[in-house]
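Taking it in order: structure first as structure tokens, then the write-up.
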DNA sequence: CCATATATATGTTAATTACATATATAAGAT
DNA sequence: ATCTTATATATGTAATTAACATATATATGG
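Chains as they are written, first to last, in the working numbering: chain A, 1286 to 1419; chain B, 1286 to 1419.
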């Protein structure tokens, strides 16, 4: 099936853009962390909901490390199994700034679109040419 | 290869979220149009860049029609080959309003994230603990 | 020694993006 | 006549992301 929609009627209910990559970079820019910490703390960022999707975290971290945007070292202190402590690199910070720029551009487009889309309600209630109601 | 990135260094340069579906629904809410018109006019919306990607338009239109959000009729008037004229349905308008809501939620998260991410520049220039410069 | 919390990692499917190309009709130029 | 161009719709496919499920391993507490 090709849904990702909700009510079986084809209506929109849940496409998401989580921006996992810039979110992780930002958290690591604040301070070095390990994967599990990122997984639990990212939702607090208010931007990504990665709870129950640890795959997104660890795959992204490995991708970032392959490209030199973060580095990791094993941390055997503390309780529980060994953890990788990830640290952002200078290249990673540059990359995060690129993300910031492109997200700002993105915001401009989104704001413009929302302003247009706001007209729907107005017209819908004031001028019902179509003859159907919601 | 797994890039989609720019400089061969793994840095961000181009992930896009075009929101083709709500954009098409909005254009059809303004007035009935045919596919080619959508393809050429959508970039003016400032949100999607679908020039050179007609596939996105026609596949989305068929998907929308399958789910009853738009209907089409052949238009043989005018010059050139016959064209399908697409019209949004009441269900499509409801769907567009769902999109509007979720995009507004999305905007809130994006704004919050951008506010945080703005701190990068400040800290980078004022307090260079790391010892490297950009 | 068993359940639980911590921690990392892999696998799979679906959806979207991005790009390329195929098909067909009509108008205008040579 | 036919060649090029503009119009118009449609299909194919690879790459990326999202979404979900599951596997592996270590330490702690009962």
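No residue lacks a Cβ here, since even glycine has one placed at the ideal position from N, Cα and C.
Asked: Just the C-alpha distance for residue 1315 (chain A) and residue 1376 (chain A), rounded to the nearest angstrom, thanks.; Found: 15 angstroms
Asked: With DSSP as the reference, please indicate the residues paired to residue 1318 (chain B) in a beta bridge.; Found: B:1371
Asked: Looking at chain B, is there any beta carbon in it that lies within less than 9 angstroms of the beta carbon of residue 1286 (chain A)?; Found: The predicted model places residue 1286 (chain A) with a pLDDT of 30, which falls under 50 and marks its position as unreliable, so this point remains unresolved.
Asked: Give me the subset of the segment 1312-1344 of chain B whose CB atoms are less than 8 angstroms from a CB atom of chain A, sorted by chain position.; Found: 1314, 1330, 1331, 1332
Asked: Helix, strand or coil, according to DSSP, for residue 1357 (chain B) in the structure here?; Found: strand
Asked: When the Cα of residue 1313 (chain A) is compared with those of A:1336, A:1301, A:1303, A:1327, which residue comes out closest?; Found: A:1327
Asked: Express the C-alpha separation of residue 1362 (chain B) and residue 1419 (chain B) in angstroms, rounding to a whole number.; Found: Legend: pLDDT at residue 1419 (chain B) = 47, less than 50; position of this residue unreliable, value from coordinates given subsequently. Cα-Cα distance, rounded: 60 angstroms.
Asked: Using a Cβ cut-off of 9 angstroms (strictly closer), state whether residue 1346 (chain B) contacts chain A.; Found: no
Asked: Can you tell me which of the three DSSP states residue 1338 (chain A) falls into?; Found: coil
Asked: Could you tell me which chain A residues have their CB closer than 9 angstroms to the CB of residue 1405 (chain B), listed as they occur along the chain?; Found: 1311, 1314, 1378, 1381, 1382, 1385
Asked: Please name the residue, chosen from B:1406, B:1317, B:1329, B:1379, that lies closest to residue 1346 (chain B) on a Cα-to-Cα basis.; Found: B:1317
Asked: Mind pulling the chain A residues with CB within less than 8 angstroms of residue 1388 (chain B)?; Found: 1395, 1398, 1399, 1402
Asked: In its own chain, which residues sit with a C-beta less than 8 angstroms from the C-beta of residue 1360 (chain A), not counting the 5 before and 5 after it?; Found: 1319, 1367, 1368, 1369, 1370
Asked: Return the CA-CA distance between residue 1356 (chain B) and residue 1380 (chain B), expressed in angstroms with no decimal places.; Found: 14 angstroms
Asked: Taking all protein chains shown into account, decide if residue 1393 (chain B) is buried (16 or more other Cβ within 10 angstroms of its Cβ) or exposed.; Found: exposed
Asked: What separation, rounded to the nearest whole angstrom, lies between the Cα atoms of residue 1337 (chain B) and residue 1306 (chain B)?; Found: 17 angstroms
Asked: Could you give the distance in angstroms between the alpha-carbon of residue 1358 (chain A) and the alpha-carbon of residue 1373 (chain A)?; Found: 12 angstroms
Asked: Cα separation between residue 1331 (chain B) and residue 1398 (chain A)?; Found: 8 angstroms
Asked: For residue 1286 (chain B), does the count of other Cβ atoms within 10 angstroms reach 16, so buried, or fall short, so exposed?; Found: Note that residue 1286 (chain B) scores a pLDDT of 31, beneath 50, so its modelled location is shaky; the value from the coordinates is reported in the next line. It is exposed - the Cβ of residue 1286 (chain B) has fewer than 16 other Cβ atoms within 10 Å.
Asked: What separation, rounded to the nearest whole angstrom, lies between the Cα atoms of residue 1384 (chain B) and residue 1341 (chain A)?; Found: 25 angstroms
Asked: Would you call the CB atoms of residue 1302 (chain A) and residue 1391 (chain B) closer than 9 angstroms?; Found: yes
Asked: Can residue 1402 (chain B) be considered in contact with the ligand MN, in the sense that its beta carbon sits closer than 8 angstroms to one or more heavy atoms?; Found: For the ligand MN, the structure offers nothing, since it holds no ligand at all.
Asked: So the candidates are B:1309, B:1364, B:1339, B:1324; which of them puts its Cα closest to the Cα of residue 1350 (chain B)?; Found: B:1309
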